[in-house]
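What follows is one structure encoded as structure tokens, with my remarks underneath.
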Amino acid sequence: MEFKRLSNNLYDDINNTTNKRRRANRKEILEKKKAIGEVIKVALAEKDPLSSFPAFRCYRRENLSVYFESGRGDELSFHLKNYIQNLLKVNMEGPYGFEWPVEEKVKRREMVACEARYIFVYEALNANACKSSSRLERSFTNCRADRRPLVGFVHYRFVIEEELPVLYVYELQLESRVQGKGLGKFLMQLIELIAQKNQMGAVLLTVQKANLGAMNFYVNNLRYLVSTISPSRVDPSIGIQKSYEILCKTFDHEANAILAEENVGSKLSNI
Ligand SMILES: CC(C)(COP(=O)(O)OP(=O)(O)OC[C@H]1O[C@@H](n2cnc3c(N)ncnc32)[C@H](O)[C@@H]1OP(=O)(O)O)[C@@H](O)C(=O)NCCC(=O)NCCS
606 MEFKRLSNNL YDDINNTTNK RRRANRKEIL EKKKAIGEVI KVALAEKDPL SSFPAFRCYR
666 RENLSVYFES GRGDELSFHL KNYIQNLLKV NMEGPYGFEW PVEEKVKRRE MVACEARYIF
726 VYEALNANAC KSSSRLERSF TNCRADRRPL VGFVHYRFVI EEELPVLYVY ELQLESRVQG
786 KGLGKFLMQL IELIAQKNQM GAVLLTVQKA NLGAMNFYVN NLRYLVSTIS PSRVDPSIGI
846 QKSYEILCKT FDHEANAILA EENVGSKLSN I
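The opening residue of the sequence shown carries number 606 in our numbering; numbering runs sequentially from there.
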């Protein structure tokens, strides 16, 4: 009888400890989720993510002089929507091939989402425009916003991926006349700074396998890795049927362990 009571007590103690541990774990998970949600909320609330990086407000090289402005998906003018759609078609119809008609519709919806954040790239009208932002503003005061010459854009979002806050690059699109002049690399450096300033664990992006130029740019030049969440690493037999890879650059140990886990599979050998 005594033994039974003792063993019952022991059983209750173990049960209580396990329940306490479970509750503590649940609390920890909920707190972590809440903290990540807060990080995303703060990042989304920032009006002009570029304002923290004055040295990255413009880019000049030889015969190219451009400056950058922030934008949001739910505040795009008719002109900007048209511009984005046209440039996407010019640059991406080829790499997407037969998937383009469906993809074009998806991209039209994504373009105007309220979480969509943009960096618009405008050609500077005079050589001094890059010297200071105040001069830059003055040089455009008489210029109607929708007449300024755009040469490209970045569409990015602050999202949660694998329970981590990440910056996802939805689009990086430059007109052919400004490609190959270091602008894409500069914009990705800016994106990585924005990600880190906003406590994102990584930058993620999707690239079509057929887009060899972009794949080469990200993997060989910018040292992006094929993410663990890319179909080819989740399951190679599925990955082979997919037309894209998900690439990443991580900024902390946790993100690296979850999204990159550098190994043979994370590096593409055939480009
Ligand atoms: C891909 C893209 C963003 C790259 O930007 P970019 O300004 O042309 O590239 P950069 O001039 O900054 O190039 C940086 C480096 O990458 C290399 N690189 C860039 N594009 C390349 C290409 N198509 N093939 C091979 N290497 C390339 C450059 O040689 C350069 O190397 P270096 O630093 O040793 O000189 C741009 O070409 C583009 O908008 N392409 C069309 C749209 C597209 O494919 N977007 C990506 C969708 S995921």
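Glycine included, C-beta positions come from ideal geometry on N, C-alpha and C.
For residue i: DSSP bridge partner residues
i    : result
T811 : I851
P770 : I765
V831 : L852
E674 : F725
Y664 : V671
G757 : V726 and L779
Sub-8 Å separation of residue i and residue j beta-carbons
i    : j    : result
G678 : A718 : yes
F658 : L798 : yes
V812 : C853 : no
L730 : V759 : no
L830 : M793 : no
K712 : L692 : no
S722 : R762 : The sequence as given places Arg at residue 722; Ser does not occur at that position. The answer is yes: Cβ separation under 8 Å.
I845 : S835 : no
E720 : V756 : no
R666 : G787 : yes
8 Å CB neighbourhood of residue i in its chain, flanking five on each side removed
i    : result
Q801 : F856
L635 : none
S738 : Residue confidence for S738 is low, a pLDDT of 46 falling below 50, so the modelled location carries little weight; the figure read from the coordinates is stated next. Cβ neighbours of S738 beyond the five flanking positions: P659 and R662.
N621 : none
Cut-off 6 Å between Cβ atoms - residues of its own chain near residue i, not counting five sequence neighbours on either side
i    : result
A899 : Because the chain in this structure spans residues 606 to 876, residue 899 falls outside the shown range and cannot be described.
E708 : Y701
G785 : none
V695 : none
Proximal residues to residue i (C-beta, below 7 Å), its chain only, five neighbours per side dropped
i    : result
K652 : none
P754 : Y727 and E728
Three CB pairs or more closer than 8 Å across the stretch 696–708 and the stretch 625–635: no
Examine the Cβ distances between the stretch 641–652 and the stretch 763–778 and report whether three or more of them are shorter than 8 Å. yes
Evaluate the contact criterion for the stretch 834–846 versus the stretch 679–697: three or more CB pairs, one atom per stretch, below 8 Å. no
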